[in-house]
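Asker: Before anything else, here's the structure in question.
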Amino acid sequence: MTEPPAWRTELLDGLAANSSTPPHLLIRLLATEAESCWLTLCGRRQLASWIVAVIRLHPDPRPRAYLAENQNLREPRSNSSIPESWRDGRLALAGNLGLLPLFPLGDLLVDALLADDDFDVRNELFSAPNVRYIAGRAAMHPSARARAGACWTVYGTDPQSWQRLRDDPDPLVRAEVARIDAFDAEVIDVHEIRKAGRHLATHAGIRRLSAAALAEVLDQDEPGALRSLAGNRHTPRDVVSRLLRDARPAVRAGVAGRPDLTPEQIAKLVGDPETLVRHAVSLRSDLTAEQRGELASDRTEVENIRPLPRPVEWEAELTDPRTAREAAADPALPVARMADILAHLGVP
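So, in structure tokens, the structure goes:
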């Protein structure tokens with residue numbers, strides 16, 4: 000059913016005006032094609048600095064123009080070409096992008112921040128929980144600086160992107176690849192493992208270990224280090240097979256991201272009785288449709304698409320176009336109801 004345009008407009012405008020609408024919902028409003036909603040949102044007296052950054056990086060010129068007309072927001076300092084609030088906003092946006100669900104503006108914002116002149120902004124992106132996704136986009140970015148920044152993440156986790164970067168003709172990228180090659184060629188001996196302390200898992204996850212060092216990691220039997228070892232591309236196949244049979248789910252989950260697993264090993268992980276392991280293997284891009292279907296039942300309620308409540312189940316004021324805007328703008332409206340409204344209206 001197509002919702003009445005007036006009702007949809009009033010609800011979106013109300014949420015845009017609501018002082019209690021949290022930033023993670025405001026950013027979704029900016030991903031809609033709703034000019035009156037943009038006008039309302041960009042005219043607010045107060046906006047989080049990272050929402051201001053989203054508007055200033057928006058691909059459509061209209062939100063940027065509406066923001067420029069807002070006299071309530073802090074003006075740039077006369078002695079600075081880039082106001083501090085603008086830098087703060089980009090830093091906050093870079094940190095928040097890794098915590099937000101996928102939405103249409105997401106990739107555009109990631110690409111814009113990857114090209115940022117500020118090292119701290121780019122570094123904040125690469126510190127996000129979804130760093131592998133960020134690095135995958137950076138590896139294909141037009142900016143050589145962004146591609147160079149991706150090298151340390153993709154060299155041990157994404158063989159295709161790593162090969163693309165190895166073939167990159169730009170001197171900046173080639174220099175980073177050379178540094179990684181030198182780092183990768185170093186062999187860690189047993190005495191370095193014994194003094195590694197809290198860095199044990201890091202060494203086990205990315206370094207090339209001597210036979211004695213490998214034996215030491217296995218003998219220490221520390222679950223975190225073994226999980227890291229399971230994902231290390233230098234780990235011998237016989238050790239990978241051993242870790243795949245480990246009784247601890249966290250260790251088996253460490254094997255799941257390896258690009259060199261056989262179809263039989265992938266099938267074993269898909270059929271693992273532990274949810275932690277099945278979730279880890281569900282992130283692979285080479286699963287069959289049947290395997291994806293089998294793993295889909297493991298999704299949490301948050302990840303599953305839930306039946307949306309019909310408008311008649313909402314507060315009466317929200318269902319009437321004449322009162323919808325005022326009701327949606329009520330600061331007492333629960334955030335859960337705001338999310339219901341966006342989901343029902345198809346706002347990603």
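Residue numbers (numbering that gives the first Met the number 0): 0 to 347.
For glycine and all other residues, C-beta sits at the position ideal for the given N, C-alpha and C.
Cα-Cα, which of 48, 54, 49, 47 is closest to residue 36?
Answerer: Ranking 48, 54, 49, 47 by Cα distance to residue 36 puts 54 first.
Asker: Would you call residue 18 buried or exposed, if buried means 16 or more other Cβ atoms sit within 10 Å of its Cβ?
Answerer: Residue 18 should be labelled exposed.
Asker: If you measure between the beta carbons of residue 165 and residue 185, is that distance less than 9 Å?
Answerer: Contact flag unset, no.
Asker: Measure the beta-carbon distance from residue 156 to residue 131 and round it to whole angstroms, keeping in mind my assumption that it falls under 8 Å.
Answerer: Between residue 131 and residue 156 the Cβ distance is about 6 Å, and since that is below 8 Å, they are a contact.
Asker: I need the straight-line Cα distance from residue 146 to residue 316, nearest angstrom please.
Answerer: Cα to Cα, residue 146 sits roughly 51 Å from residue 316.
Asker: If distances are taken between C-alpha atoms only, which option among 69, 22, 162 comes closest to residue 49?
Answerer: The shortest C-alpha separation from residue 49 is found at 22.
Asker: Per DSSP, which residues does residue 207 bridge with? Please list them.
Answerer: Looking at the DSSP assignment, residue 207 forms a beta bridge with 186.
Asker: So for residue 125, helix, strand or coil by DSSP?
Answerer: Three-state DSSP puts residue 125 in coil, outside helix and strand.
Asker: Ignore the nearest five residues each way along the sequence and tell me which others in residue 229's own chain have a CB closer than 7 Å to its CB.
Answerer: For residue 229, where only same-chain residues beyond five positions count, the Cβ hits under 7 Å are 239, 242, 250, 253, 254.
Asker: Identify which residue in 15, 7, 6, 259 has its Cα closest to the Cα of residue 330.
Answerer: Residue 15 is the option with its Cα nearest to residue 330.
Asker: Could you tell me which of 110, 192, 233, 236 sits nearest to residue 220, measuring between CA atoms?
Answerer: Taking only the C-alpha atoms, the option nearest residue 220 is 192.
Asker: Does the Cβ of residue 290 have 16 or more other Cβ atoms within 10 Å, making it buried, or fewer, making it exposed?
Answerer: Result: buried.
Asker: In angstroms, rounded to a whole number, what distance separates the CA positions of residue 65 and residue 152?
Answerer: Rounded to whole angstroms, residue 65 to residue 152 spans 38 Å at the Cα level.
Asker: For residue 180, collect the residues of the same chain with a Cβ closer than 7 Å to its Cβ; drop the 5 residues on either side in sequence, then sort them by chain order.
Answerer: Hits under 7 Å: none found.
Asker: Between the Cα of residue 348 and the Cα atoms of 167, 20, 109, 263, which residue gives the shortest distance?
Answerer: Because the chain is modelled from 0 through 347, residue 348 falls outside the range shown and cannot be assessed.
Asker: Out of 195, 211, 237, 139, state which residue places its alpha-carbon closest to the alpha-carbon of residue 224.
Answerer: Checking every option, the nearest Cα to that of residue 224 belongs to 195.
Asker: For residue 269, which three-state DSSP category applies?
Answerer: Residue 269: helix per DSSP, three-state reduction.
Asker: Please report the residue range of the alpha helix (DSSP H) in which residue 70 lies.
Answerer: Element bounds for residue 70: n/a, residue is neither H nor E.
Asker: What distance in whole Å lies between the Cβ atoms of residue 173 and residue 148, which are believed to be in contact at a cut-off of 8 Å?
Answerer: Incorrect: roughly 14 Å between the Cβ atoms, too far for contact.
Asker: Going by DSSP in three states, residue 300 sits in which element: helix, strand or coil?
Answerer: For residue 300, the predicted structure reports a pLDDT of 37, less than 50, and the residue's modelled location is therefore unreliable. The matter cannot be settled from this model.
Asker: Report the rounded CA-to-CA distance for residue 111 versus residue 60, giving the unit in angstroms.
Answerer: So the alpha carbons of these two residues sit roughly 15 Å apart.
Asker: Below 8 Å on the Cβ atoms is my guess for residue 109 versus residue 124; work out the distance and round it to an integer in Å.
Answerer: Contact flag correct, Cβ pair sits at about 7 Å.
Asker: When you compare only the Cα positions, how much space is there between residue 67 and residue 107?
Answerer: Computed Cα separation, rounded: 21 Å.
Asker: Residue 144 to residue 96, Cα distance in whole Å?
Answerer: If you take the alpha carbons of residue 144 and residue 96, they lie about 20 Å apart.
Asker: Tell me which residues share the same chain as residue 328 and place their Cβ nearer than 6 Å to its Cβ, disregarding the 5 neighbours each side in the sequence.
Answerer: Once the five neighbours on either side are set aside, the close Cβ partners of residue 328 are 13, 16, 17.
Asker: Which same chain residues, not among the five before or five after residue 203, have their C-beta less than 7 Å away from its C-beta?
Answerer: Same-chain partners within the cutoff: 216, 224, 227, 228, 231.
Asker: Find out if the Cβ-Cβ distance for the pair residue 56, residue 324 is shorter than 9 Å.
Answerer: Cβ distance not < 9 Å, so residue 56 and residue 324 don't count as in contact.
Asker: In its own chain, which residues sit with a C-beta less than 6 Å from the C-beta of residue 340, not counting the 5 before and 5 after it?
Answerer: Taken in chain order, the residues that qualify are 10.
Asker: Could you tell me if residue 201 is buried or exposed, where buried requires 16 or more neighbouring beta carbons within 10 angstroms of its beta carbon?
Answerer: When all chains shown are included, residue 201 counts as exposed.
Asker: Shortest alpha-carbon distance to residue 246 belongs to which of 258, 264, 284, 271?
Answerer: Checked all of 258, 264, 284, 271; the closest Cα to residue 246 is 271.
Asker: Can you tell me whether DSSP reads residue 321 as helix, strand or coil?
Answerer: It is coil, neither helix nor strand.
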